[in-house]
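Q: Quick one: structure below, then a few questions.
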Amino acid sequence: MAKGKIFYKTGEEINAIQKSCEIVSETLALVAEMLKPGITPKVVDAAAEEYIRSKGGLPAFKGYHGFPSTLCFSLNDCVVHGIPNDRPLEPNDVMSVDCGVQLNGYFGDAAYTFAFNDIDEDTKSLMIRTKESLYLGIEQAIIGKRVGDVSYAVFAHTEMKYGYGVVRDLVGHGVGIQLHEAPDVPNYGKRGNGPLLVEGMVIAIEPMINLGKKNVKVLKDGWSIMTTDGKPSAHFEHTVAIGKHKANILSNHEIIESAVKKNEYLVKI
Ligand code: MG
Ligand code: MG
-18 MAKGKIFYKT
-8 GEEINAIQKS
2 CEIVSETLAL
12 VAEMLKPGIT
22 PKVVDAAAEE
32 YIRSKGGLPA
42 FKGYHGFPST
52 LCFSLNDCVV
62 HGIPNDRPLE
72 PNDVMSVDCG
82 VQLNGYFGDA
92 AYTFAFNDID
102 EDTKSLMIRT
112 KESLYLGIEQ
122 AIIGKRVGDV
132 SYAVFAHTEM
142 KYGYGVVRDL
152 VGHGVGIQLH
162 EAPDVPNYGK
172 RGNGPLLVEG
182 MVIAIEPMIN
192 LGKKNVKVLK
202 DGWSIMTTDG
212 KPSAHFEHTV
222 AIGKHKANIL
232 SNHEIIESAV
242 KKNEYLVKI
């Protein structure tokens, strides 16, 4: 979890973070174009790295505490931090893909969950509700609110309303000068609690929501966070700057979603 002081960003710094986020979003759109049954996560990861470097960016996850890849590619009951491997994707896979980029010293971070057409309705609903919870959280990311207001919005829509499991062990975070900064942005919490949201704060809001129970474990690879009950999980993430009346969403899911729309293998949510 992120520790230390909160870095407050200038307008120029927020613009620089947005440029990193643009590459993140374009990379996830490229992923959305490439996904099809039979392709391997490793091949997708290599293309992502090549794209980021072609734009002058650095893959922020690669080498971070020793993480070996550009993307976190988390399949089915893997919640987050999956390492791209050589197993060809199957027609009923659900895939959460997380990407971070450093450009000119500034970091952007975003994630999207994709699934092929053969997934079941429960998993599709989980994806829809998780994505909705991200935007409900973002609605709270305004000056004068507190981190707990963001957290509660996500929690109320997922665990309280739909009975999903909100992962407690992993949280959103401040982002921009470093990949993970203070404050922590949990997906559970109480309204009116936690750090005050003020101008200049940039946070990654990232609901990680399990279809079944909230409990997770780490695989022997030291990275992959798995649900303990083997049920699937979904993860959507935006980098946002705290705004006066509404948050400024710095990452861009629209270009990812237009790529999803054009990909015949991917479920539309
Ligand atoms: Mg991320
Ligand atoms: Mg993040």
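Residue numbers for the sequence shown follow this note's numbering, beginning at -18 and rising by one. All C-beta atoms, glycine included, are put in the ideal place defined by N, C-alpha and C. Remember, it's a predicted structure, so these values are computed and weren't measured experimentally.
#1: Along the alpha helix (DSSP H) that carries residue 30, what are the first and last residues, could you check?
#2: One question on the structure: do residue 181 and residue -11 come within less than 7 angstroms of each other, judged by their Cβ atoms?
#3: For the segment 162 to 226, list the beta strand (DSSP E) runs that are entirely contained and at least 3 residues long, ordered along the chain.
#4: In angstroms, rounded to a whole number, what distance separates the CA positions of residue 211 and residue -8?
#5: Looking at the unbroken alpha helix (DSSP H) that takes in residue 97, where does it start and where does it end?
#6: Residues in its own chain within less than 6 angstroms of residue -5 by CB, not counting five upstream and five downstream?
#7: Residue 101 by DSSP, collapsed to three states: which one?
#8: Going by DSSP, what residue range makes up the beta strand (DSSP E) through residue 16?
#9: Taking the straight line between their C-alpha atoms, what separation do you get for residue 13 and residue 241?
#10: In chain order, what residues place their C-beta within less than 5 angstroms of a heavy atom belonging to ligand 1?
#11: For ligand 3, I want to know if residue 185 counts as a neighbour, meaning its beta carbon is within less than 6 angstroms of at least one of the ligand's heavy atoms.
#12: Label residue 184 either buried or exposed according to how many other C-beta atoms from any shown protein chain fall within 10 Å of its C-beta, with 16 as the threshold for buried.
#13: Cα separation between residue 20 and residue 65?
#14: With H, G and I counted as helix, E and B as strand and the rest as coil, what does DSSP make of residue 42?
#15: Thinking C-beta only, is residue 100 closer than 7 angstroms to residue 75?
#16: Confirm, please, whether the CB-CB distance from residue 216 to residue 61 is below 7 angstroms.
#17: Express the C-alpha separation of residue 68 and residue 123 in angstroms, rounding to a whole number.
A: Considering the structure as presented:
#1: Locating residue 30 in the sequence shown gives position 49, where the first residue counts as 1. Run containing residue 30: 22 to 35, per the alpha helix (DSSP H) assignment.
#2: Here the question's residue 181 lines up with position 200 in the sequence shown. Here the question's residue -11 lines up with position 8 in the sequence shown. At the C-beta level, residue 181 and residue -11 come within 7 angstroms of one another.
#3: Within the segment 162 to 226, the complete beta strand (DSSP E) runs of at least 3 residues are 162 to 166, 183 to 186, 189 to 191, 197 to 199, 206 to 208, 214 to 216, 219 to 222.
#4: Translated into positions along the sequence shown, residue 211 becomes position 230. Translated into positions along the sequence shown, residue -8 becomes position 11. Straight across, the Cα-Cα distance linking residue 211 with residue -8 is about 44 angstroms.
#5: Translated into the one-based positions of the sequence shown, residue 97 becomes position 116. Following the DSSP letters along the chain, one finds residue 97 in no alpha helix (DSSP H), marked with neither H nor E.
#6: Locating residue -5 in the sequence shown gives position 14, counting from the first residue. Take residue -5, set aside five residues on each side of it, and the residues of its chain with a beta-carbon closer than 6 angstroms to its own are 222, in chain order.
#7: Within the sequence shown, residue 101 is the residue found at index 120, counting from 1. Correct three-state label for residue 101: coil.
#8: For this step, residue 16 is matched to residue 35 along the sequence shown. Premise fails: residue 16 is in no beta strand (DSSP E) and is neither H nor E.
#9: As a first step, residue 13 is located in the sequence shown; it is residue number 32 there, counting from the start. As a first step, residue 241 is located in the sequence shown; it is residue number 260 there, counting from the start. For residue 13 and residue 241, the gap between their C-alpha atoms comes out near 6 angstroms.
#10: Per the Cβ criterion, the list is 79, 90, 92, 218.
#11: This structure lacks ligand 3; its bound ligands are ligand 1 and ligand 2.
#12: As a position in the sequence shown, residue 184 is number 203, starting the count at 1. Residue 184 should be labelled buried.
#13: Reading the sequence shown from its first residue, position 39 is the one you call residue 20. Reading the sequence shown from its first residue, position 84 is the one you call residue 65. Near 11 angstroms, if we compare the C-alpha coordinates of residue 65 and residue 20.
#14: To locate residue 42, count along the sequence shown from 1; it is residue 61. The answer is coil: DSSP assigns residue 42 none of H, G, I, E or B.
#15: Taking the first residue of the sequence shown as position 1, residue 75 is located at position 94. Taking the first residue of the sequence shown as position 1, residue 100 is located at position 119. With respect to the 7 angstroms criterion, residue 75 and residue 100 are classified as neighbours on the basis of their beta carbons.
#16: Indexing the sequence shown from 1 puts residue 61 at position 80. Indexing the sequence shown from 1 puts residue 216 at position 235. In this structure, the beta-carbon distance from residue 61 to residue 216 falls below 7 angstroms.
#17: Counted from its first residue, the sequence shown places residue 123 at position 142. Counted from its first residue, the sequence shown places residue 68 at position 87. In this structure, the straight-line span from the alpha carbon of residue 123 to that of residue 68 is close to 42 angstroms.
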